[in-house]
Amino acid sequence: ISPTGARAVFEARGEIITVPAEKGDPRNLTNTPGVMERDPAWSPDGKWIAYFSEESGEYALHLRDQKGEGEVKKIALPPTFYGSPTWSPDSKKLTYIDNGRNLYLLDVATGASKKIDSDEIYTPGAFRALHGDWSTDSQWIVYTKVLETNFTKVMLYSLATAQSTAVTDGLSDATEPIFDPSGKYLMFLASTDA
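Reminder that position 53 of the sequence shown reads as 53 in my numbering, one-by-one numbering, no gaps.
See below:
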């Protein structure tokens with residue numbers, strides 16, 4: 001859903017389409033038959049939609065004006081499958097994941113990307129579980145990491161220090177971390193007795 005709530009963005013048959021909540025027409029932002037585009041995410045400032053495209057033959061991250069105007073900013077990535085682009089609240093950075101269970105941080109202005117962390121083992125269904133949530137000041141990312149014990153640990157990444165710190169001890173399963181709206185607290189689900 002757009003930040004104003006006036007439109008929503010969808011992936012349909014490999015196209016990225018926005019539709020109005022009430023009045024107006026749908027907009028096909030990609031209009032690329034024969035090319036798969038997926039996982040759209042609207043920037044919090046309402047200007048951009050990020051999505052992955054296989055237009056070049058390998059998945060790349062594309063940033064498109066939400067009205068479909070102007071040039072598409074295309075950010076090449078190493079060959080693999082990607083998903084879950086998640087914007088920072090200031091719309092200057094994105095996190096995303098790959099099928100190798102790696103979490104990445106991307107600077108939108110420069111297109112520079114770096115790996116933040118990886119799961120320790122493969123867990124079915126974990127592809128979409130790795131990504132996390134941004135703090136309201138865009139300075140922290142909370143995420144989960146699957147350990148060798150098959151438990152999931154909550155981690156906190158600082159953009160200022162470029163380091164991750166464990167929030168939970170890994171002796172029980174902890175999942176779905178988010179920041180509260182004030183940014184003061186972390187909330188997550190945990191199974192400490194099973």
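Each residue gets a CB set at the ideal place from its N, CA and C atoms; glycine is no exception. Because the structure is a prediction, the values reported are computed rather than measured.
Per DSSP, the continuous beta strand (DSSP E) segment holding V154 begins and ends at T152 to S158. In the structure shown, the three-state DSSP call for F52 is strand.
Secondary-structure assignment with DSSP links G83 through a beta bridge to I97.
Taken in chain order, the whole beta strand (DSSP E) runs of length 3 or more contained in the segment 8-54 are 15-20, 37-42 and 48-53.
Distance from A50 to L105 at the Cβ level is roughly 13 Å; contact not present, criterion being Cβ atoms closer than 8 Å. DSSP places Q163 in the uninterrupted beta strand (DSSP E) bounded by Q163 to A166.
Relative to the Cα of L103, the nearest Cα in the group S91, I116 and K92 belongs to I116.
Our two residues, N150 and G100, have alpha carbons roughly 16 Å apart in a direct line. Between Y59 and Y96 a beta carbon distance of about 10 Å is seen, past the 8 Å cut, so the two are scored as non-contacting. Judged by DSSP secondary structure, L103 falls within the beta strand (DSSP E) whose first and last residues are N102 to D107. DSSP, read as helix, strand or coil, puts S118 in strand. For V142, the secondary structure class from DSSP, reduced to helix, strand or coil, is strand. In the DSSP annotation of this structure, the continuous segment of the beta strand (DSSP E) that includes I75 starts and ends at K73 to A76. The Cβ atoms of S172 and S158 do not sit closer than 8 Å to each other.
DSSP, read as helix, strand or coil, puts I178 in strand. Going by beta carbons, V146 and I178 fall outside the 8 Å limit. With contacts defined as CB atoms closer than 8 Å, L63 and V108 qualify as a contacting pair. Per DSSP, the continuous beta strand (DSSP E) segment holding D65 begins and ends at A60 to D65. Ranked by how close their Cα comes to the Cα of M36, the residues G46, S43, L61 and P26 have L61 in first place. In the structure shown, the three-state DSSP call for L186 is strand.
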